[in-house]
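Everything on this sheet refers to the single structure shown next.
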Amino acid sequence: MTTRRPLIAGNWKMNGLRASVEAFCQIVAGANELREKVDFIVCPPATLIFQFIGSCDSGSVEVGGQDCHAEPSGAFTGDISAEMLADLGARAVIVGHSERRAFHHESDADVRRKTQAAWRAGLLAIVCIGETRDERAAGRTLSVVGAQLEGSIPDEATPRNLVIAYEPVWAIGTGLTPTPADIAEVHGFIRERLNARFPVSAQGIRILYGGSVKPSNAKELLAVDNVDGALVGGASLKAEEFLAIAGVYA
Ligand code: PEP
45 MTTRRPLIAG NWKMNGLRAS VEAFCQIVAG ANELREKVDF IVCPPATLIF
95 QFIGSCDSGS VEVGGQDCHA EPSGAFTGDI SAEMLADLGA RAVIVGHSER
145 RAFHHESDAD VRRKTQAAWR AGLLAIVCIG ETRDERAAGR TLSVVGAQLE
195 GSIPDEATPR NLVIAYEPVW AIGTGLTPTP ADIAEVHGFI RERLNARFPV
245 SAQGIRILYG GSVKPSNAKE LLAVDNVDGA LVGGASLKAE EFLAIAGVYA
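Numbering (the working numbering), first residue to last: 45 to 294.
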């Protein structure tokens, strides 16, 4: 039987200034207590990655980016490459977050190229997939998630280079969550698809749930079959909330 280590990842989005190192160091202090049982990644804005990595002996918390360009360098004003993130000391990068897909019109093919870029730079790719409210209402959740999975994940996936985050778009930042049964259905479906495509390594690939995870619902959501941790947005900005979510595994 494969055991997958739980992972709690925080997506700070466009939040945080240099003074936020204090909150990061509080996370590190709490993570030190839980490191035997849980892996931690915090993805602050790119402006803070270098500072966070150099602060408060951050060893129990990996730091990651929130996006990367597919190319290693070039005339892409404002963009940041996976190599640049790795150069700062980042170990992971989120790709295909629904806010990137919606506001920057990123397609599955774009996300696939970014995932390949992450691997080229030696980063763990946290690939986000998930249906919109209308797609769920139309009964299309599994077909949408299946197509995103197929289109966004390159063939070289392994448990060491890939984490999948199932994030229903309608649950992000809304306080709404699917029922545990609905999450179990989608995570089970993702696991089946991974098994079919990567028969040797699929059992080791972690699948996170993301979307309005809070201390008050973490126990119920993280207990669902095939949920190997959480990608946390709003609640990752407050150390005590983020650590309380991870504390479910204590
Ligand atoms: C996210 O943006 O990845 C996310 C899960 O946000 P929130 O936890 O705020 O819903």
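Glycine is no exception: its CB is placed at the ideal position from the N, C-alpha and C atoms.
| Item | Value |
| --- | --- |
| For Thr47, does the count of other Cβ atoms within 10 angstroms reach 16, so buried, or fall short, so exposed? | exposed |
| Ala90 and Ile124: beta carbons closer than 7 Å? | yes |
| When you measure from the CB of Leu252 to every non-hydrogen atom of the ligand PEP, does any distance come out below 6 Å? | no |
| Let me check understanding here. Comparing Cα to Cα, which of Gly219, Ile197 and Ala146 lies closest to Ala28? | A question about residue 28 goes unanswered here, because the residues of the chain that appear run from 45 up to 294. |
| Let me make sure I understand the geometry here. Which of Cys87, Val72 and Gly255 has the alpha-carbon closest to that of Thr221? | Gly255 |
| Pick out the complete alpha helix (DSSP H) segments inside the region 113–167, 4 residues or longer, and give them in chain order. | 126–132, 142–147 and 152–164 |
| Could you check the C-alpha separation between Ala201 and Phe242 for me, to the nearest Å? | 8 Å |
| Beta-carbon within less than 7 Å of Gln70's beta-carbon, same chain only, minus the 5 sequence neighbours each way: which residues are those? | Ala283 |
| Does the Cβ-Cβ distance between Pro212 and Glu175 come in under 7 Å? | yes |
| What are the boundary residues of the beta strand (DSSP E) that Arg250 is part of? | Arg250 to Gly254 |
| Only counting runs of 3 or more residues, tell me where the beta strand (DSSP E) segments fall wholly within the region 58–114, in order along the chain. | 83–87 and 106–109 |
| Kindly list the residues whose CB is nearer than 6 Å to the CB of Leu34, restricted to its own chain and excluding five residues on each side of it in sequence; keep chain order. | In the structure as shown, the chain begins at 45 and stops at 294. Residue 34 is therefore absent and cannot be evaluated. |
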